[in-house]
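Take 26 as the starting number for the sequence shown in the numbering used here and just add one per residue. Quick reminder that beta carbons are idealized off the backbone N, C-alpha and C, glycines included. These figures come from a predicted structure and were not determined experimentally.
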Amino acid sequence: MSQQQRMQGQPMIIMGDDAQRMKDKDAQEHNIAAARAVAESVRSTLGPKGMDKMLVSSMGSVTVTNDGVTILQEMDIDNPTAEMIVEVAETQEDEAGDGTTTAVAVAGELLKQAEDLIEQDIHPTAIIKGFDLASKQAQEEIDDIAESVEPDDEETIRKVAETSMTGKGAELNKEHLSQLIYDAVQAVTVEAEDGSFISDLEFLNIETQEGSSASESELLNGSIIDKDPVHEDMPTDFEDASILLVDQPIEVEEAEADASLSVDSPDQLQQFIEQEEQQLQEKVDKIVETGADVVFCQKGIDDMAQHYLAKEGILALRRVKKSDMQFLKEVVGANIVSDLNAASAADLGTGDISRDEDAELFYVEGDDSHGVTLLLRGSTEHVVDELERGVSDALDVVAATVTDGRVLPGGGAVEVELARRLRDYADSVEGREQLAVESFADAVELIPRVLAENAGLDPIDTLVDLRAAHDEGDTRAGLNVFSGDVEDTLDTGVVEPAHAKEQAISSATEAANLVLKIDDIIAADDLSTEGGEEGGPGGPGGAPGGMGGMGGGMGGMM
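Structure representation (structure tokens):
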């Protein structure tokens, strides 16, 4: 029997023993299940009545939050498809600052709708084309629904901030915080030559402090440095101080690594010590020569140099963070000096320095400051962390709104109106793509349904009421989750930025289409992590059952 005959009828093996492969519907079902699991894990956090998640890392650190991107980043997901959906949240966070849960939830719902279409033997390519058409049309409709807002429209812009913070740790003090956020963004917004506005959050710092209420948070026209003076005899308060920023150590210059010192007598040792002291004295003299009252040093300051600086009545702080140094440069208008010998009065900045002994902080306010600092206060570490996340998102959406100049009614109003318009648009789409456009409209309506669900309301009744209001031409009709009524949400202060909504729809569609295009998964080793053998207790996720108890980690669904 020839070798050729023996080969006939035998499968050709081209992959290693550990490799696994899933094809066609199996691969699509696997991917959709993984992506939907991610979306399900954050759905309950959506809206003002959304709940929080407690995330415990393998090191034991605890995070309590309902910020979509924070939850997904902390969850230690070990599934490649699920990681693609996490990227949607990260993109949304980077581009728009808020709306991460919306983006992920819509991506998951698009895939659920796609699964139903695949069951009806509609090819994934047709679904992808239909979703793409619907997404582009949705962008145009959002622009049409959106209303313009001026950068100095304080009332509307504060409502954008309050809507962003509602349902988060910052909600209890949202009126006070929204005022701080509005003032902070105004301070870092400039008008470009073409008449547009640019908000540069690079010039806005956020500092946190534990031990007091969020209502005591404040905005400072300058910087906050959480450091102590290097010497107790140094003055701590200055008006119109000359400030020197140094990013080199004020210490004795180190010898070569392999240098050695041979000392024959105590006199020689004494002479060597005096030389070192002389070197430090010269460095301090150089600082005095520039006319500096205050020195911020990014590196260390020798004990003897501290003593000399205190004798000269100069305030010095050491080990100041690099980011703080860069910010101080903008606040006081100084140059960062790398070589003290080359330092001069021209490198100095000017500002007022004051010390808060209780908080152990220095306040640095510049005369013509380009930077502002938001000092957020909270009772405990976890409260402050969640407050900072909420305020950071609100700052991002306010800055985006000022730059973009468009707002939308919230409370699901946009989504219901979009769905209505997309169903009308579907009639003009030919072929099987029409069904995908209609499914896209259904997927977008997930947002008002989940808002109602999380508020303990009936999602079907809510959606019927909202659709009825929109069919009568009330474009702004959204859900008030506190009363359960359908109302004009733009009037009642539930305002969302148009840019964030456009980004959420766009990112969700692209991620869903990326997942749908995969029809074959070839893995170098086991695709499943059932039983929690990998990635710590309960598989990826590091908690029993992994991702929120979903069947032994992400792999449990595969």
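Partner residues in the beta bridge of ASN230, as assigned by DSSP, are THR398.
Of ALA493, VAL439, LEU460, the smallest CA-CA separation from GLU165 is found for VAL439.
In this model, GLY509 and GLY72 are separated by some 13 Å (Cα to Cα). Rounded to the nearest whole angstrom, the CA to CA distance from ILE167 to LYS526 is 8 Å.
In this structure VAL215 does not touch THR426 by the C-beta definition: roughly 16 Å separates them, more than the 8 Å allowed. Inclusion of ASP262 and ILE378 in the CB contact set at 8 Å is warranted, their separation being smaller than that value. Rounded to whole angstroms, PRO522 and ARG431 show a C-alpha spacing of 6 Å. Listed in chain order, the non-local C-beta contacts of GLU200 below 6 Å within the same chain number zero, local neighbours out to five positions each way being set aside.
ASP265 sits in a strand when the DSSP states are folded into three classes. Distances from the alpha-carbon of SER242 to those of SER221, ILE326, SER404 put SER404 closest. In the DSSP annotation of this structure, the continuous segment of the beta strand (DSSP E) that includes PRO434 starts and ends at 431-434. Judged by their CB atoms, VAL111 and VAL63 are nearer to each other than the 8 Å cut-off. Here the C-alpha atom of PHE321 lies approximately 21 Å from the C-alpha atom of LEU399. The three-state reading of DSSP puts THR214 in strand, counting E and B together. Across the structure, GLN98 and HIS524 are spaced so that their CA atoms are roughly 23 Å apart. The beta carbons of VAL520 and LYS74 sit about 18 Å from each other, so the pair does not count as a contact at 8 Å. Taking SER532 as the centre and dropping the five residues before and after it, the same chain places the C-beta of VAL113, THR116, GLN117, ALA128 closer than 6 Å to its C-beta, in chain order. Counting only runs of 4+ residues, the alpha helix (DSSP H) found wholly inside the segment 146-220 occupies 149-170, 179-190, 199-212, in chain order.
Ranked by how close their Cα comes to the Cα of THR70, the residues ASP499, VAL475, ASP516 have VAL475 in first place. Listed in chain order, the beta strand (DSSP E) runs fully inside the segment 451-527 are 502-504, 511-513, 520-522, counting runs of at least 3 residues.
DSSP places MET350 inside the alpha helix (DSSP H), whose first and last residues are 347-357. Here ASN366 is exposed. Its C-beta has fewer than 16 other C-beta atoms within 10 Å. Excluding residues up to 5 positions away in sequence, LEU386 lie with their Cβ nearer than 6 Å to the Cβ of ASP251 in the same chain.
LEU541 and ALA139 have their alpha carbons spaced roughly 8 Å apart. Between ILE339 and ASP318, the CB-CB gap stays under 8 Å. About 31 Å separates the CB atoms of ASP103 and SER189; that is not less than 8 Å, and the two are not in contact. Around the Cβ of HIS148, a 10 Å sphere holds fewer than 16 other Cβ atoms; the residue is exposed.
Taking C-beta atoms under 8 Å as the contact rule, ILE361 and ALA341 fail to qualify, at a distance of about 15 Å. For THR127, the secondary structure class from DSSP, reduced to helix, strand or coil, is helix. Excluding residues up to 5 positions away in sequence, ILE206 lie with their Cβ nearer than 6 Å to the Cβ of LEU420 in the same chain. For ALA341, the beta-bridge partners assigned by DSSP are VAL320. One thing to note: ARG414 has its Cβ no nearer than 8 Å to the Cβ of ASP119. Under DSSP, TYR333 forms no beta bridge with any residue. LEU504 and LEU515 do not touch by the CB rule: their CB atoms are close to 13 Å apart, not below 8 Å.
DSSP places SER66 in the helix class (H, G or I) of the three-state scheme. Straight across, the Cα-Cα distance linking ASN56 with ARG457 is about 23 Å.
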